[in-house]
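Let me begin by presenting the structure, written as structure tokens, before commenting on it.
Protein chains in written order, with the working numbering: chain A, 244 to 602; chain B, 3 to 246.
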């Protein structure tokens, strides 16, 4: 169990977070400068929080009330830096062996050998970091961090410098880590898909605070606010007022568009009639239909962006103001309807795919 | 003949002891200042570099005042019934003060080039500050540390003004090569001046050669990157065949 409460104030920035991890992979997700790396540095003892409390399993690493601050060397925390930070003057094998202490040379060799095998680095242990590819360097960095058998492994944007093919392979390797490393893992990333694939829980950071900390499925299906919804790739938002709630169905009026939308309020509590809310829909959940009906909006196709696996269409909707409301819909390639710029289409918002954001 | 060469032995002794002292003090000061972020950093930095910009005779005069009978250093030494002005240790002190800025500046520059993440990585791997210094920082900054050592060695060997001020010219005790050459020429003893000049030239060339040899890049630093992609792909294939 890792328990973290950190406060740190810098000019124009305040980190104020609290969370706990227990034997799982926690993904910390957020934009640059939201305090993700700072959190890892505080856990590793490389940065001194102004106040707070950090406990790893049964050891207290930091407690500002007791003026307790364990130096990094005594924390038993494995850290993989964004730029890997391998020792350039040591071979891959010696890099890995660096953190193994108080063992006989044979035991060190055996441990290094096991890690080299686990990380798929056979035949590379005598190479120097400059002679390794970025992917290989990253695996050496992970092996080196795991060598002293740390209680927790901290990965700071480990894939940001890699091409997509190498990245995929290394993600597999991190998933495989769980087979021989049983400690906690924290992964810092700004890539939602990466966090989702690798972790079981995700903490979304926003300007030094945790906007939401949830199981990843929960995070994706019910973001607590619009910031989180945007970070988790919701693209369409409409402000509305709840007009009716019955049988787990919520009716929302969107005054701007002059329309009523039906929403399946899955697990949402504390909703009230006349409450102002925002509804959000992912672009890939919007369907093009041939006829008007419930939850159907009429829009004019304004532009099309082709992606690898989908086609993104942007529709302009008429509003009762002078402004124009724009909706983004993503249709899978192959199943995309034939659409022409400037024509009107009907867009269906499936009730079970609409989320209600209460604040 | 022995008289001719006595400045050589004195100089060698002085320079070796001086280089050892500046090596240790220079690294310690550079380590401290490359991490120190306090407000008075520029002031401390300036004090450390001051001997480099001051005329050597001024530094020598300052040392003389400090270590003389009425200076703090002299009074402190008097407690132990010793005095070091115009004795051999004074040559070491003069040379050390004059050569320290070169060691300090070069080493500090080299330390500041070392990626702090790499030092932090060593700390998270259980290394204390000493181990970080000798196993990571020094090896990574080695070319700079070495250059600083050789520069301060050369500066100590050539030290004249400050040495003359605090150690004087006592043949067989404080007369180093540069001082001996000066007084040999003043006395018209061209033979000794010539011999000592050639010796200094040889030492200087030898130290330059040593520097060039030690700084020569090793083959591994030439960025030989074996084509890594095929082995990665092979590895991925093998891994699927035989689950761990």
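From the three backbone atoms N, C-alpha and C, an ideal C-beta is built for every residue, glycine too.
Item                                                                                                                   : Value
Three-way DSSP call (helix, strand, coil) for residue 149(B) in this model                                             : helix
Residue 224(B) - DSSP class collapsed to helix/strand/coil                                                             : Because the pLDDT at residue 224(B) is just 45, under 50, the model does not fix this residue reliably, and the point stays unresolved.
Cβ-Cβ separation, residue 181(B) to residue 166(B) (assumed contact under 8 Å), whole Å                                : 6 Å
Cβ neighbour criterion (16 or more within 10 Å) applied to residue 338(A)                                              : buried
Expected contact under 8 Å - CB spacing of residue 597(A) and residue 484(A) to nearest Å                              : Contact flag wrong, Cβ pair sits at about 15 Å.
Residue 595(A) versus residue 516(A): straight-line alpha-carbon distance, rounded                                     : 19 Å
DSSP beta-bridge partners of residue 530(A)                                                                            : 591(A)
Simplified DSSP state of residue 262(A), which is helix, strand or coil                                                : strand
Residue 427(A) - containing alpha helix (DSSP H), residue span                                                         : It is not in any alpha helix (DSSP H) - residue 427(A) instead sits in the beta strand (DSSP E) that spans 427-432.
Three-state class that DSSP yields for residue 474(A) in the structure shown                                           : helix
Three-pair Cβ contact test at 8 Å for the region 383-403 of chain A versus the region 313-327 of chain A               : yes
For residue 245(A) and residue 263(A), believed in contact at Cβ under 8 Å, the rounded distance                       : 6 Å
Partners in chain B for residue 341(A), counting only beta-carbon separations shorter than 8 Å                         : 124, 127, 129 and 137
Any chain B beta carbon closer than 7 Å to residue 344(A)                                                              : yes
Boundaries (first-last residue) of the beta strand (DSSP E) holding residue 575(A)                                     : 567-575
Beta carbon proximity, residue 402(A) to chain B, threshold 7 Å                                                        : no
Secondary structure of residue 368(A), DSSP reduced to three states                                                    : coil
Sufficient close CB pairs (3 or more, under 8 Å) joining the region 6-22 of chain B to the region 113-120 of chain B   : no
Test: residue 528(A) CB closer than 7 Å to a CB of chain B                                                             : no
Whether residue 542(A) touches residue 570(A) by CB criterion (7 Å)                                                    : yes
Contact under 7 Å by Cβ, residue 435(A) with residue 417(A)                                                            : no
Where residue 598(A) falls: helix, strand or coil (DSSP)                                                               : strand
Contact check, residue 44(B) vs residue 164(B), beta carbons under 7 Å                                                 : no
Strand pairing of residue 489(A), partner residues [DSSP]                                                              : 492(A)
Residues that DSSP places opposite residue 456(A) in a beta bridge                                                     : 446(A)
Span separating the alpha-carbon of residue 563(A) from that of residue 503(A)                                         : 14 Å
Min CB distance residue 441(A) to chain B below 7 Å                                                                    : no
Residue 585(A), DSSP secondary structure in three states                                                               : coil
Contacting residues, own chain, Cβ-Cβ under 6 Å from residue 410(A) (five flanking each side not counted)              : 402
Where residue 320(A) meets chain B, residues with beta-carbon distance less than 9 Å                                   : 126
Under 9 Å from the C-beta of residue 191(B): neighbouring residues of chain A                                          : By Cβ distance, chain A contributes nothing, its closest Cβ being about 50 Å from residue 191(B), past 9 Å.
Interface partners of residue 171(B) on chain E, CB under 9 Å                                                          : Absent here is chain E; the protein component of the structure consists of chains A and B.
The region 83-100 of chain B touching the region 137-152 of chain B, judged by at least three CB pairs closer than 8 Å : no
CB contact flag (residue 127(B), residue 341(A), <7 Å)                                                                 : yes
The region 98-106 of chain B in contact with the region 25-34 of chain B per 3-pair CB rule at 8 Å                     : yes
Residue 234(B) (DSSP reduced to helix, strand or coil)                                                                 : Note that residue 234(B) scores 41 on pLDDT, short of 50, meaning its location in the model is unreliable and no value can be drawn from it.
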